[in-house]
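Step one of this worksheet: look at the structure below.
Residue numbers (my numbering): 6 to 369.
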């Protein structure tokens, strides 16, 4: 196991980097722009992750974990079998499972296997042998893998596009996190021999490493942590506080929106074309359509010939001409000001030159 001094050294070295990255991450999660409410699908995802996280934490309680008869009786790993079960009988009645354990917990290797894999393989496995401890690993592998397989299945469900597109953005990361938990547990149980060696040299109960029960605890905490992390990033993504990985999603949403709009326009054009063909092929409808457009044209002509309308159009034309002249004067004034600032002579006259008129000669 990693010592506390090693952890302190790592914190001294990596602490500033972790703090800087954490602060940058916190700044990136601040809301920029108007808030966005979570979709119903995102709410369902968060509820599922909350429930699975609570179940994972509850699975670490002693009520839901196998009983450790050594810890219950406060016994050493080297205690004689008869004394161990005599102490156990003081707490509860001896069952048939206890009798099987009594027959198996005779050798030191059996007790080390008990500490690593728990009581189930020792009681149920009939083909396992202490000469090859891997046989107990193979028997315990389905039991070890089942919680992780269920967890990965839940992660796959909540990150599917059925619930929300924001969950599908994190599908790969969630799957990798779930597989990492399983591989880490498999490493500590079947590959790492540090706990096995420590238990072989343990003299007092405090020195014993109960790998099976420790991994149950860390498994529940790890699954709850992954669920909490996934729920947090989905919340950040769904509320618009974090846009990481949304570029492809936005392109997909735009393409889907354009596709729906194109289909709607096509449907309207198709309906209009169908209506037009129907009108043109029916003589009565065709005549009514012709009369309607002739009447519309006459109404338009009458409106344009109305005196009030002609007066408004004339005033509008005059206003546009006046506005054009005022804009030209403003532009000339700005150009003259800029030329004065730069020390240049004004090249654009601020006002048109006065026109001189020649008086007619007096009559003779």
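A virtual CB, placed ideally from N, CA and C, is assigned to each residue, including glycine. Model, not experiment: these values are computed from the prediction.
- Leaving aside the five residues that flank residue 222 on each side, the residues in its chain whose CB is nearer than 6 Å to its CB run, in chain order, 65.
- Restricted to the segment 36-91, the alpha helix (DSSP H) segments that are unbroken, complete and at least 4 residues in length are 45-63, 74-78, listed in chain order.
- Looking from the CA of residue 74, the closest CA among 61, 59, 116 belongs to 116.
- Sorting 233, 72, 50 by C-alpha distance to the C-alpha of residue 167 places 50 at the top.
- When DSSP states are grouped into helix, strand and coil, residue 134 belongs to the strand group.
- Shown here, residue 313 sits in a helix according to DSSP, grouped into three states.
- Take the alpha-carbon of residue 174 and the one of residue 214: they are about 40 Å apart.
- The Cβ atoms of residue 229 and residue 58 lie closer than 8 Å to each other.
- When DSSP assignments are scanned along the segment 209-233, no uninterrupted stretch of beta strand (DSSP E) that is 3 or more residues long falls wholly within it.
- Contact check for residue 235 and residue 179: beta-carbon distance about 5 Å, within the 8 Å limit, so the pair qualifies.
- Three or more pairs of CB atoms, one per stretch, sit closer than 8 Å, so the segment 84-91 contacts the segment 101-121.
- Per the C-alpha coordinates, the member of 141, 132, 24 positioned closest to residue 119 is 141.
- Of the candidates 244, 62, 278, 315, 244 places its Cα closest to the Cα of residue 169.
- Counting only runs of 3 or more residues that sit fully inside the segment 278-312, no beta strand (DSSP E) segment turns up.
- In the three-state scheme derived from DSSP, where H, G and I count as helix and E and B as strand, residue 18 is classed as helix.
- When secondary structure is reduced to three states using DSSP, residue 111 falls in the coil class, being assigned neither helix nor strand.
- The continuous stretches of alpha helix (DSSP H) do not include residue 165, and DSSP gives it neither H nor E.
- Boundaries for residue 207: no alpha helix (DSSP H) harbours it, and the DSSP string shows neither H nor E there.
- Between the segment 137-151 and the segment 122-129, the count of C-beta pairs closer than 8 Å reaches three or more; the two stretches touch.
- Taken atom to atom, the span from the alpha-carbon of residue 24 to that of residue 18 is near 11 Å.
- Per DSSP, the continuous alpha helix (DSSP H) segment holding residue 187 begins and ends at 176-191.
- Here residue 164 is buried. Its C-beta has 16 or more other C-beta atoms within 10 Å.
- A direct Cα-Cα distance of roughly 31 Å separates residue 307 from residue 329.
- Burial is judged here by how many other beta carbons sit within 10 angstroms of a residue's own beta carbon; residue 297 has fewer than 16 and is exposed.
- Here DSSP, grouped into helix, strand and coil, assigns residue 236 to helix.
- By the beta-carbon neighbour count (other beta carbons within 10 angstroms, threshold 16), residue 217 is buried.
- Apart from sequence neighbours up to five positions away, the residues of its chain that approach residue 47 with a beta-carbon distance below 8 Å are 168, 169, 171, 172, 239, 240, 243, ordered along the chain.
- Taking all protein chains shown into account, residue 320 has fewer than 16 neighbouring C-beta atoms within 10 Å of its C-beta and is therefore exposed.
- Less than 8 Å separates the beta-carbon of residue 152 from that of residue 224.
- Following the DSSP letters along the chain, one finds residue 129 inside the alpha helix (DSSP H) bounded by residues 124-129.
- Counting of Cβ neighbours within 10 angstroms places residue 148 among the exposed residues, the total staying below 16.
- Excluding five sequence positions before and after residue 156, the CB atoms of its chain that fall closer than 6 Å to its own CB belong to 183, 228, given in chain order.
- Only buried fits residue 204, as 16 or more other CB atoms lie within 10 angstroms of its CB.
- The alpha-carbon separation between residue 86 and residue 196 amounts to approximately 29 Å.
- In its chain, beyond the 5 residues on either side, 82, 213 have a beta carbon closer than 7 Å to the beta carbon of residue 207.
- Less than 8 Å separates the beta-carbon of residue 284 from that of residue 294.
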